[in-house]
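Engineer:
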Amino acid sequence: EGAVFPLAFWQYAQVLYLRKTKEQKPTAWANLKGTGAADWTSTAATMLAHHDRTDYLLGLSDWSGYDLKDRTSEIQGLTAGALLRDNVIGELRQFFINKHDCR
Numbered sequence: 001e002g003a004v005f006p007l008a009f010w011q012y013a014q015v016l017y018l019r020k021t022k023e024q025k026p027t028a029w030a031n032l033k034g035t036g037a038a039d040w041t042s043t044a045a046t047m048l049a050h051h052d053r054t055d056y057l058l059g060l061s062d063w064s065g066y067d068l069k070d071r072t073s074e075i076q077g078l079t080a081g082a083l084l085r086d087n088v089i090g091e092l093r094q095f096f097i098n099k100h101d102c103r
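Each residue of the sequence shown is one higher than the last, beginning at 1 in UniProt numbering.
1) Assuming Thr-72 contacts Ala-8 under a Cβ cut-off of 8 Å, what Cβ separation, rounded to an integer in Å, is found between them?
2) If I'm right that His-51 touches Ile-89 with Cβ under 8 Å, what's the distance once you round it to whole angstroms?
3) From residue 170 to Leu-84, what distance separates their C-alpha atoms?
4) Got a sec? Which residues, its chain only, sit under 8 Å from Ala-38 by beta carbon, not counting five neighbours each side?
5) Is the beta carbon of Gly-36 sitting closer than 7 Å to the one on Thr-27?
6) Grab me the residues of Lys-33's own chain with a C-beta within less than 6 Å of its C-beta, minus the 5 sequence neighbours each way, in chain order.
7) Which whole-angstrom value is the C-beta distance of Tyr-12 and Leu-68, which I expect to be below 8 Å?
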């Protein structure tokens, strides 16, 4: 059955971490977006890759008979809600789209 709940929980924690970074550490947020004094874009790219791979793995998972299905779905809902309030993942992704002119 795999480790679906930990994947979903980690994804939620990462979104909350990025939101707090954006709110409380504007210099660090600027560095992640490549607009600050330091270049942390490789860290931002890694975080985006983790987020996207988690979505992919959760989509592949066999949910039949999985004991934590309700809790995992709840965590996914919390992640979606957090991103609706402040889409930090979309904001970082947009930076990379603009940086590489991927239109």
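Backbone N, C-alpha and C define an ideal beta-carbon position, used for all residues, glycine too.
Structural biologist: Reading it off the structure:
1) Numbered from 1 along the sequence shown, position 72 holds the residue referred to as residue 72. Numbered from 1 along the sequence shown, position 8 holds the residue referred to as residue 8. Yes, they are in contact, since the Cβ atoms of Thr-72 and Ala-8 sit about 5 Å apart, within 8 Å.
2) Here residue 51 refers to the residue found at position 51 when the sequence shown is read from its first residue. Here residue 89 refers to the residue found at position 89 when the sequence shown is read from its first residue. Yes, His-51 and Ile-89 are in contact; Cβ-Cβ is about 5 Å, under 8 Å.
3) Not covered by the structure: residue 170. The range shown for the chain is 1 to 103.
4) For the purposes of this step, residue 38 is taken as the residue at position 38 of the sequence shown. Here the set comprises Asn-31.
5) The count along the sequence shown starts at 1 and reaches residue 36 at position 36. The count along the sequence shown starts at 1 and reaches residue 27 at position 27. Yes, these two residues count as a Cβ contact at 7 Å.
6) Sequence index remark: in the sequence shown, residue 33 carries index 33 (1-based). Within the same chain, Lys-33 has close Cβ partners Phe-95.
7) Within the sequence shown, the letter at position 12 stands for residue 12. Within the sequence shown, the letter at position 68 stands for residue 68. Actually they do not touch by this definition, with Cβ atoms about 14 Å apart.
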